[in-house]
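What follows is a single structure, written as structure tokens, with notes after it.
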Amino acid sequence: MKLQGLNKSFGANHVLQDIDLELPERATTVIVGPSGSGKSTLLRSLNLLERPESGLYQLADLQIDFSKKIPAKQVLDVRKKTGMVFQDYNLFPHKSVLQNVIEGPVQVLKRDKNEATKEAYELLAKVGLKEKADFYPDQLSGGQAQRVAIARSLAMHPEYILLDEPTSALDPELEGEVLKVLADLANEKQSLIIVTHNLFFARQIATKIVFVEDGRIIFDGPTKDFFNEQQKNTRIHDFISSMT
Ligand code: ADP
Ligand code: MG
0 MKLQGLNKSF GANHVLQDID LELPERATTV IVGPSGSGKS TLLRSLNLLE RPESGLYQLA
60 DLQIDFSKKI PAKQVLDVRK KTGMVFQDYN LFPHKSVLQN VIEGPVQVLK RDKNEATKEA
120 YELLAKVGLK EKADFYPDQL SGGQAQRVAI ARSLAMHPEY ILLDEPTSAL DPELEGEVLK
180 VLADLANEKQ SLIIVTHNLF FARQIATKIV FVEDGRIIFD GPTKDFFNEQ QKNTRIHDFI
240 SSMT
């Protein structure tokens, strides 16, 4: 997917400024930057949860011009191609783990319930939670809940999975089990876009790093280059120092 000339303001606050960005398929892009720099707004724009005032957005065969009204059909198409995983999981509290995973495929994609259930068990096995299928969200740890949220997202077969600080609410010992699932997906070449503060993880799994500061892209390139640039680029240096 690709963004060109993206601008987003909240009132007088110009949160994203002339963003040009390519987010490759079958790769892992990690977005980093200080709090309030616009990372979530950028990620949410890709799922149309935010509507930038201007910019072009290309996603597979879809072309969106944010300065024009987006037809409802296109909004649905974008949402089908981009699955969002939130920091606080957003599971349906009154539905079981299994029901959470099959809800979208059955209700939105109109898939056969038995088939969706069969696949849901496979996805739950993939995230290590097959035995929790009949549990409810309040019976899960945060790490388990987030893995269910990832399985639920996978069940929709999106082209990209967007994750906004997926482990920020988790204790370190639970963070690892979520990061392992994400690393597995990255190895399988699932297209991932991850906002995270975990630079150690970013360094391990990112194909490329996008560093955002004050609504602008300060760095966009291969992971190795980002960490190598810290000698030359004081903003990258200061950011990495502040995080580690
Ligand atoms: P990050 O995810 O990098 O911490 P955000 O994208 O959440 O940053 O926020 C970027 C800026 O936009 C911040 O100044 C924030 O206060 C502002 N902002 C985010 N969402 C809203 C909103 N819904 N209404 C008004 N301002 C917002
Ligand atoms: Mg954020």
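Going by numbering that gives the first Met the number 0, the sequence shown runs without a break in its numbering and finishes at 243.
Just so you know, even glycine gets a beta-carbon here, dropped at the ideal spot from N, CA and C.
Beta-carbon gap between residue i and residue j smaller than 7 Å
i: VAL96; j: LYS131; result: yes
i: ASP163; j: PHE85; result: yes
i: PHE218; j: PHE226; result: no
i: TYR88; j: ALA148; result: yes
i: ILE160; j: VAL29; result: no
i: LEU15; j: GLY32; result: no
i: LEU173; j: SER140; result: yes
i: ARG50; j: LYS188; result: no
i: PRO157; j: LYS72; result: no
i: PRO136; j: LEU108; result: no
i: ILE204; j: THR27; result: yes
Alpha carbon of residue i to alpha carbon of residue j, nearest angstrom
i: GLY54; j: ASP17; result: 8 Å
i: ALA182; j: ALA115; result: 25 Å
i: VAL100; j: GLN106; result: 11 Å
i: LYS68; j: LEU47; result: 12 Å
i: VAL211; j: SER8; result: 16 Å
i: GLN3; j: GLN145; result: 32 Å
i: ARG202; j: LEU58; result: 26 Å
i: ARG151; j: LEU122; result: 8 Å
i: PHE238; j: HIS196; result: 11 Å
i: ASP111; j: GLN98; result: 14 Å
i: GLY127; j: PRO165; result: 17 Å
i: ARG215; j: LYS117; result: 44 Å
i: GLY35; j: ALA168; result: 17 Å
DSSP state of residue i mapped onto helix, strand, coil
i: PHE218; result: strand
i: SER34; result: coil
i: GLU21; result: strand
i: LYS109; result: coil
i: GLY54; result: strand
i: GLN189; result: coil
i: ASN227; result: helix
i: LYS206; result: Before going further, note that residue 206 is Thr rather than Lys in the sequence given. In this structure, THR206 counts as coil in the three-state DSSP scheme.
i: ILE160; result: strand
i: ASP237; result: helix
i: GLU212; result: strand
i: VAL177; result: helix
i: THR28; result: strand
Limits of the unbroken beta strand (DSSP E) element including residue i
i: GLY82; result: 81 to 84
i: PHE9; result: 1 to 9
i: ILE63; result: 61 to 64
Start and end residues, alpha helix (DSSP H) containing residue i
i: ILE149; result: 141 to 154
i: GLY103; result: 96 to 106
### Query
So which residues put a beta carbon under 5 Å from any heavy atom of the ligand ADP, going in chain order?
PHE9, VAL14, SER34, GLY35, SER36, GLY37, LYS38, SER39 and THR40
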